[in-house]
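Below you'll find the structure, written out as structure tokens, and then a few comments.
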Amino acid sequence: MISKEEKNVELTTNIKVKNIKEFEEHIDKAQSLLEELKIELNNIHDFKFHIENN
55 MISKEEKNVE LTTNIKVKNI KEFEEHIDKA QSLLEELKIE LNNIHDFKFH
105 IENN
């Protein structure tokens, strides 16, 4: 039989793992948004270069 203390440790561990997974999802989303921003900034730079040279 699992003691109350062991059950609390198990629950706390499960919550921490869930929080870490959610944090990783936020990091992945932030990285994706940064990549999109990088692409947009490159597009703006290319557009500006095209206008300045035509």
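Residue numbers 55 to 108, in the numbering used here, belong to the letters of the sequence shown in order.
The C-beta atom is built at its ideal place from N, Cα and C for all residues, glycine as well.
Keep in mind the model is a prediction, meaning the values are calculated, not measured.
For this session: State the Cα-Cα distance for the pair Glu90 and Ser57, rounded to the nearest angstrom.
Result: 50 Å
Problem set entry | Residue interval of the alpha helix (DSSP H) (run including Ile105) | 58-106
Problem set entry | Neighbourhood of Ile98 by C-beta, 8 Å cutoff - its chain only, sequence neighbours within 5 removed | For Ile98, where only same-chain residues beyond five positions count, there are no Cβ hits under 8 Å.
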